[in-house]
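Here's the structure, in C-alpha cells; my notes come after.
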Amino acid sequence: YRSVYASPHLPTSVSISQYLEEYNPNNIESQKVIFEDDWTGKRLTYSDLRDESAKGAFGLRKLLSVEEEGVVCICAPNSVNVVLLIHAILRCGGTAVLINPLNTSHKIAHCLNISRPQLRAADSSTWLAMLSAVQNSAMKELKALSIDTYHCPVNSFNPLEVFYSPSYANISRSISFPELFSQTHKLPALNLSNRGSRDCTAVVCFNLGTTGKPKGVELSHYNIVASMAGIRSTDPTFWNGNIRGVFFAPLCHICVALMGAWLGYYTMLMKQYSLKGLLKLSAQIEANALQILTSIAVAMTKDHGFDLSSLRKVKFIMCSGAILLPKIIEFLHKSFSSAPIFQGYGMTETNISTLRPEEAHMVGSVDRLFANVEARIVDDDMNDGECGKEGEMLIRGPSIFRRYMNDPVATQQAFHDGWMRTGDILRIAKNGFLYLTERKKELIKYKGIDDLAPAELENILNSHPQVKESAVCAAWDEAQGTEIPIAYVVLTDTGKSPTRDVEDTLAAIKDYIDTKVSPYKRLRGGVVAIEEIPETRSGKILRRLLPARMARERHSKL
Numbered sequence: 001y002r003s004v005y006a007s008p009h010l011p012t013s014v015s016i017s018q019y020l021e022e023y024n025p026n027n028i029e030s031q032k033v034i035f036e037d038d039w040t041g042k043r044l045t046y047s048d049l050r051d052e053s054a055k056g057a058f059g060l061r062k063l064l065s066v067e068e069e070g071v072v073c074i075c076a077p078n079s080v081n082v083v084l085l086i087h088a089i090l091r092c093g094g095t096a097v098l099i100n101p102l103n104t105s106h107k108i109a110h111c112l113n114i115s116r117p118q119l120r121a122a123d124s125s126t127w128l129a130m131l132s133a134v135q136n137s138a139m140k141e142l143k144a145l146s147i148d149t150y151h152c153p154v155n156s157f158n159p160l161e162v163f164y165s166p167s168y169a170n171i172s173r174s175i176s177f178p179e180l181f182s183q184t185h186k187l188p189a190l191n192l193s194n195r196g197s198r199d200c201t202a203v204v205c206f207n208l209g210t211t212g213k214p215k216g217v218e219l220s221h222y223n224i225v226a227s228m229a230g231i232r233s234t235d236p237t238f239w240n241g242n243i244r245g246v247f248f249a250p251l252c253h254i255c256v257a258l259m260g261a262w263l264g265y266y267t268m269l270m271k272q273y274s275l276k277g278l279l280k281l282s283a284q285i286e287a288n289a290l291q292i293l294t295s296i297a298v299a300m301t302k303d304h305g306f307d308l309s310s311l312r313k314v315k316f317i318m319c320s321g322a323i324l325l326p327k328i329i330e331f332l333h334k335s336f337s338s339a340p341i342f343q344g345y346g347m348t349e350t351n352i353s354t355l356r357p358e359e360a361h362m363v364g365s366v367d368r369l370f371a372n373v374e375a376r377i378v379d380d381d382m383n384d385g386e387c388g389k390e391g392e393m394l395i396r397g398p399s400i401f402r403r404y405m406n407d408p409v410a411t412q413q414a415f416h417d418g419w420m421r422t423g424d425i426l427r428i429a430k431n432g433f434l435y436l437t438e439r440k441k442e443l444i445k446y447k448g449i450d451d452l453a454p455a456e457l458e459n460i461l462n463s464h465p466q467v468k469e470s471a472v473c474a475a476w477d478e479a480q481g482t483e484i485p486i487a488y489v490v491l492t493d494t495g496k497s498p499t500r501d502v503e504d505t506l507a508a509i510k511d512y513i514d515t516k517v518s519p520y521k522r523l524r525g526g527v528v529a530i531e532e533i534p535e536t537r538s539g540k541i542l543r544r545l546l547p548a549r550m551a552r553e554r555h556s557k558l
C-alpha cells in the first residue's frame, strides 16, 4: 500500500537548521511570534529563533566544546528556552537527547547510560533527579547547565541559572545560560554536504519496549526533514502558519519544536498540564486548533468548571491516544460548532498517518498513510494478507528512525527485510483508510503516555514478599477514556494466611508498587488475587486471558 499523497522533494545533504533557513513555505514575517510559554510570558519570534540559536550554537562550540556528533541531554518541562536549546544543539551539529521530565531518577540514569552525553541540562523541578541520576550512572564527567525561567523578566534571554553541587564530583563543569547565549558571534547552520543527512543523528527520544527498558530512538536530520515535509505535503491547507494552539505534552515529543519553527505557526507552551488550564489558555490566545488526548475529550464532557463557549475560535480538533467513542464525538461537535475532529496514528519511531479536516467524517479511522510512507499488512508468518484483512502493519519510508541508540539487537528485531514492524494490528480498506484494531505490543497507554510496560511493573510486584507471581495488563476506564494498569497476583502462602486479611494484603501490595514508580504508572486498576497466571508452556504470560483483558475485548465487540 502506498500513500495517495504527492511525495515531496527530500534533500539528502541538508541539515534541519539549513532546511529551516532555506525552505520557508509560508513566507513568514520575521517578527511573527511563534513560541510563548505560560509561566514566564517569554516570546520567541521567527527571526529570534534563528538568531538566538545561532548564538547559542556558537556558545556550545566555544565554551563547552560541543562538536559535531556531541551529545547533549535535556530534562526539563516545556519552555521557550528548551526550544532554543534544542535548535542551538542541532545547529552546532550536536545530538539533542530529550528525556521526559516526569521520569524518575532511576529512569533518567538509564537514559544517561544509553546516550552518554557530555552535557546535561535541567531546571529547578528536575535538577535534583538529574543530579541523582548522574551519581548513579556510569558517567565519569558531565558538564552542567540548568534551565529555569520562572524568575526572569519577560522577553529576557537570561533564563538559565546554574545549579551545581560540589558533592557530585562527577560533574566536571557548570556554566550559566546567559553566558552561553550572549555570544557576539553566530554559528552558521550545520553543513552536511560532505556526509549527507541520512547518517547524522539529530535527536534521540526515548521509547519503552515490552521489556520495560527505554530504548533511545535515533532520528537523523534526513528522518526529521522527511517527516516535516511529509506532514506538510499530506495537508498543506491545514499545516501552515495560521495555526494557533496550546501544547501541553513534554517537548521530548519533538514535532512541535520543529514544525512550528518551520511553518511559523503560534504555539503556547504549557509547563504543567491541567484541563482547566489548557482550556483557559486556549481561550486566552484565541486558539483555532485544539490538540487533545482521548482522555481529555472524555474529561471535557464532565463538569470541569469552564465555559466551552469561550473557545469560539476553535476550528479544528486534533485527538490522539485512542479512537473516540461516537458519543464523545457528538459532544465535541455540539460544543465546537461541528469543528472537524481528526485523529492520527504514529509512534516515536515515525509518523504514519493522520486524518485531514475534510475526512473527519471517517469515524473510527486514523486516515490514510502520510506522504512518502508505504505499508504492508502481514500475518504471523510475514505473508501479505488480502485487502481489508487484519494483520500486523509493516511500514517503510524516509521518516522511519535510523536505529536504537547503542542497541543493535533491538534495531535488528525492529525490522523485517527493510520494513519496520509496528507491532500493531490494523486493516486497510479499499479506499486506503486505516483502522487500528489493537496493539500487538503489550504497552499500556495511559492518557496518551504509551511507555507503560507490564514487565516493568511485574518486576517490582514480584519483589514483594507476599507475591509469588504477577501479571499486569490494561483495563479500560470508560469514565476517563483511557487504559489503566491492573495487576493480577498469585499470593504466597504467607500472603493468603488465615490470619491475614487478603484485601489488606492487596492494598499493601498496591501501596508498595505505587511508591516505586512515576505517578502515571500507578496501579489505578487495582491489584486482584487469582489462583494461577495464564502462561504458555514456555512460561510466557498470556495477557489476553487475564480477566480485564477478556472483558475489554468482549466490550469492544459489542
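Reading the sequence shown from the start, the letters are residues 1 to 558 in UniProt numbering. The beta-carbon is built from N, C-alpha and C at its ideal position, and this holds for glycine as well.
{"Query": "In this structure, does DSSP put F302 in helix, strand or coil?", "Result": "The sequence as given places Lys at residue 302; Phe does not occur at that position. If DSSP states are grouped into helix, strand and coil, K302 belongs with coil."}
{"Query": "Can you tell me whether T515 is buried or exposed? The criterion is at least 16 other CB atoms within 10 Å of its CB, across all chains shown.", "Result": "exposed"}
{"Query": "From the DSSP output, which residues share a beta bridge with V314?", "Result": "Beta-bridge pairing links V314 to no other residue."}
{"Query": "When you compare only the Cα positions, how much space is there between E386 and H253?", "Result": "35 Å"}
{"Query": "Taking the straight line between their C-alpha atoms, what separation do you get for A479 and K276?", "Result": "18 Å"}
{"Query": "Spell out the partners DSSP gives K143 in its beta bridges.", "Result": "L119"}
{"Query": "If you drop the 5 nearest sequence neighbours on each side, which residues of the same chain put their C-beta closer than 7 Å to that of A339?", "Result": "V314, K315, F316 and I317"}
{"Query": "Please say whether G196 and T12 have beta carbons closer to each other than 8 Å?", "Result": "yes"}
{"Query": "Rounded to a whole number of angstroms, what is the C-alpha to C-alpha distance between L506 and V298?", "Result": "30 Å"}
{"Query": "Please classify V409: is it buried, with 16 or more other beta-carbons within 10 angstroms of its beta-carbon, or exposed?", "Result": "exposed"}
{"Query": "Using the C-alpha atoms, what's the distance from N431 back to W127?", "Result": "50 Å"}
{"Query": "Closest to R549 by C-alpha separation, out of M393, Y345, S17 and C473, would be which residue?", "Result": "C473"}
{"Query": "For a test of the three-state rule: what should DSSP assign to P340, helix, strand or coil?", "Result": "coil"}
{"Query": "Please state if the CB of L90 and the CB of I16 are separated by a distance shorter than 8 Å.", "Result": "yes"}
{"Query": "Taking C-alpha atoms, which residue in M259, C255, L263 and F247 lies nearest to K280?", "Result": "F247"}
{"Query": "Between G241 and N288, what straight-line distance do the alpha-carbon atoms span, to the nearest angstrom?", "Result": "12 Å"}
{"Query": "Just to check my reading of the structure: S320 and L293 have Cβ atoms closer than 8 Å, yes? What is that Cβ distance to the nearest angstrom?", "Result": "6 Å"}
{"Query": "Judging by CA-CA distance, which residue of A455, D407 and Y520 is the nearest neighbour of Y488?", "Result": "A455"}
{"Query": "Leaving out the 5 sequence neighbours to the left and right, which residues in its chain are closer than 7 Å to V256 when beta-carbon positions are compared?", "Result": "F247 and T267"}
{"Query": "Out of H333, K32 and S353, which one is the CA nearest neighbour of L426?", "Result": "S353"}
{"Query": "DSSP three-state call for R91: helix, strand or coil?", "Result": "helix"}
{"Query": "For G93, count neighbouring C-beta atoms within 10 Å of its own C-beta (all shown protein chains included) and say buried if the count is 16 or more, exposed if not.", "Result": "buried"}
{"Query": "Quick check on P8: does DSSP put it in helix, strand or coil?", "Result": "coil"}
{"Query": "Can you confirm whether the segment 16-32 touches the segment 62-70 when touching is taken to mean that 3 or more C-beta pairs between the two stretches lie within less than 8 Å?", "Result": "no"}
{"Query": "Put D424 into one of helix, strand or coil per three-state DSSP.", "Result": "strand"}
{"Query": "Would you give the residue range spanned by the alpha helix (DSSP H) that S47 belongs to?", "Result": "Y46 to L64"}
{"Query": "Where DSSP assigns a beta bridge to Y404, which residues make up the other side?", "Result": "V217"}
{"Query": "How should R232 be labelled, buried or exposed, when 16 other C-beta atoms within 10 angstroms of its C-beta is the threshold for buried?", "Result": "buried"}
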